[in-house]
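K.L.:
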Amino acid sequence: MSQSLAREGTPYPSQLLENAVEEFAKLPGIGRKTALRLVLFLLRQEPDEVEAFTQAVSRMRKEVKYCKVCHNISDTDLCPICSDQRRDSSVICVVENIRDVMAIENTQQYHGLYHVLGGIISPMEGIGPSDIEINSLIKRVEAGGVEEVIFALSSTMEGDTTNFYISRKLASYPVKLSVIARGISVGDELEYTDEVTLGRSILNRTPFNG
Numbered sequence: 000m001s002q003s004l005a006r007e008g009t010p011y012p013s014q015l016l017e018n019a020v021e022e023f024a025k026l027p028g029i030g031r032k033t034a035l036r037l038v039l040f041l042l043r044q045e046p047d048e049v050e051a052f053t054q055a056v057s058r059m060r061k062e063v064k065y066c067k068v069c070h071n072i073s074d075t076d077l078c079p080i081c082s083d084q085r086r087d088s089s090v091i092c093v094v095e096n097i098r099d100v101m102a103i104e105n106t107q108q109y110h111g112l113y114h115v116l117g118g119i120i121s122p123m124e125g126i127g128p129s130d131i132e133i134n135s136l137i138k139r140v141e142a143g144g145v146e147e148v149i150f151a152l153s154s155t156m157e158g159d160t161t162n163f164y165i166s167r168k169l170a171s172y173p174v175k176l177s178v179i180a181r182g183i184s185v186g187d188e189l190e191y192t193d194e195v196t197l198g199r200s201i202l203n204r205t206p207f208n209g
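So in numbering that gives the first Met the number 0, spot 172 of the sequence shown is number 171, and the numbers just go up one at a time.
This is how it looks when you write it as structure tokens:
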């Protein structure tokens with residue numbers, strides 16, 4: 000019996016089964032019990048269905064791209080949002096990650112473009128301005144045509160610090176800076192906010208005052 004089995008006290012009948020459980024348990028929010036349930040479910044499926052599942056995950060990891068403009072996830076060099084001529088290209092909404100883009104899109108209240116930073120400034124975690132996509136945002140504003148930049152970062156100390164830093168970098172440009180309304184509780188993550196509250200926060204955004 001392996002050390003992991005001895006630790007958990009669960010006698011797996013197959014080393015292959017245990018290996019699969021170990022891999023699923025690495026996923027966020029998935030404990031070993033849930034991992035075992037998922038693996039046993041797959042074991043009951045037809046081989047073709049399991050193969051389709053593994054191929055989808057493998058292709059996603061190998062072939063997914065990041066938009067060369069906004070850094071959103073895409074199947075092509077330019078994401079569907081950036082390439083949509085119906086979107087308002089004069090407005091850029093700055094978010095922390097791809098999940099925030101999805102959350103805002105679900106509100107159906109915003110029709111501009113996005114800029115995904117890929118993180119927020121957090122000295123405690125060793126994340127500085129050069130570690131996230133701030134310079135590419137500045138270049139987008141420099142290129143012209145942008146009239147407003149909306150800060151839609153989580154209302155945490157790190158989010159506010161990032162807002163302030165970007166606002167200083169954009170201070171010399173003729174662009175309006177705004178922040179989503181604080182209908183979202185301080186400390187809340189954007190992706191967990193309900194769609195109605197988030198939509199209203201976008202519509203009722205206010206001028207940013209650093």
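Virtual Cβ for every residue (Gly too), placed ideally from N, Cα, C.
How big is the Cα-Cα spacing for M0 and E124?
P.N.:
Translated into the one-based positions of the sequence shown, residue 0 becomes position 1. Translated into the one-based positions of the sequence shown, residue 124 becomes position 125. Note that M0 scores 39 on pLDDT, short of 50, meaning its location in the model is unreliable; the coordinates nonetheless yield the value given after this. Whole-angstrom Cα-Cα distance: 38 Å.
K.L.:
Ignoring anything shorter than 4 residues or poking outside the stretch 24-72, list the alpha helix (DSSP H) runs there in chain order.
P.N.:
Listed in chain order, they are 31-43 and 46-62.
K.L.:
Under the three-state reduction of DSSP, which class applies to Y113: helix, strand or coil?
P.N.:
Translated into positions along the sequence shown, residue 113 becomes position 114. DSSP places Y113 in strand when its eight states are reduced to three.
K.L.:
Starting from the Cα of Y65, find the closest Cα among S166, I97 and V49 and give me that residue.
P.N.:
One-based indexing of the sequence shown puts residue 65 at position 66. Considering only alpha carbons, the answer is I97.
K.L.:
Taking the alpha-carbon of S171 as reference, which of L77, K138 and Q54 has the nearest alpha-carbon?
P.N.:
To locate residue 171, count along the sequence shown from 1; it is residue 172. Residue K138 is the option with its Cα nearest to S171.
K.L.:
When DSSP labels each residue in this structure, what does V178 get in the three-state scheme?
P.N.:
The residue you call residue 178 lines up with position 179 of the sequence shown. Here V178 sits in strand by DSSP.
K.L.:
Could you check whether S121 and E157 sit closer than 8 Å to each other, using their CB atoms as the reference points?
P.N.:
Here residue 157 is taken as the residue at index 158 of the sequence shown, counted from 1. Here residue 121 is taken as the residue at index 122 of the sequence shown, counted from 1. The answer is yes: Cβ separation under 8 Å.
K.L.:
Have a look at the DSSP bridge pairing and note the partners of E147.
P.N.:
As a working note, residue 147 is residue 148 in the sequence shown. According to DSSP, which records beta bridges pairwise, E147 is partnered with V90 and K175.
K.L.:
Apart from the five residues on each side of it in sequence, which residues of its chain come closer than 6 Å, Cβ to Cβ, to P206?
P.N.:
Working through the sequence shown from its first residue, we reach residue 206 at position 207. Counting only Cβ-Cβ distances below 6 Å, and skipping sequence neighbours, we find S177.
K.L.:
Where D87 and L152 are concerned, what is the direct C-alpha to C-alpha distance, given to the nearest angstrom?
P.N.:
Here residue 87 is taken as the residue at index 88 of the sequence shown, counted from 1. Here residue 152 is taken as the residue at index 153 of the sequence shown, counted from 1. The straight-line gap from Cα to Cα measures roughly 20 Å.
K.L.:
Compare the beta carbon distance of E146 and V90 with 8 Å and say whether it is the shorter of the two.
P.N.:
Residue numbering aside, residue 146 sits at position 147 when the sequence shown is read from its first letter. Residue numbering aside, residue 90 sits at position 91 when the sequence shown is read from its first letter. Against a cut-off of 8 Å, the Cβ pair of V90 and E146 comes out as a contact.
K.L.:
Rounded to the nearest angstrom, what separates F52 and A19 at their Cα positions?
P.N.:
Locating residue 52 in the sequence shown gives position 53, where the first residue counts as 1. Locating residue 19 in the sequence shown gives position 20, where the first residue counts as 1. F52 and A19: Cα-Cα distance of roughly 14 Å.
K.L.:
By the 10 Å Cβ neighbour count, where 16 or more other Cβ atoms means buried, how is V63 classified, buried or exposed?
P.N.:
For the purposes of this step, residue 63 is taken as the residue at position 64 of the sequence shown. Exposed, since its Cβ has fewer than 16 Cβ neighbours within 10 Å.
K.L.:
Within 10 angstroms of its Cβ, does E95 collect 16 or more other Cβ (buried), or is it exposed?
P.N.:
Numbered from 1 along the sequence shown, position 96 holds the residue referred to as residue 95. Result: buried.
K.L.:
Could you check where the alpha helix (DSSP H) with I213 kicks off and where it finishes?
P.N.:
Since the first residue of the chain shown is 0 and the last is 209, residue 213 is not available in this structure.
K.L.:
According to DSSP, is S13 part of a helix, a strand, or is it coil?
P.N.:
For the purposes of this step, residue 13 is identified with residue 14 of the sequence shown, where counting begins at 1. It is coil, neither helix nor strand.
K.L.:
Could you give the DSSP three-state label for S121: helix, strand or coil?
P.N.:
The residue you call residue 121 lines up with position 122 of the sequence shown. Of the three classes helix, strand and coil, the one that applies to S121 here is strand, per DSSP.
K.L.:
What is the residue span of the alpha helix (DSSP H) that R230 lies within?
P.N.:
Residue coverage of the chain in this structure runs from 0 to 209, which leaves residue 230 outside it and unanswerable.
K.L.:
Assign E21 to one of three DSSP states: helix, strand, or coil.
P.N.:
Along the sequence shown, read from residue 1 onward, the residue named residue 21 stands at position 22. E21 falls in the helix class under three-state DSSP.
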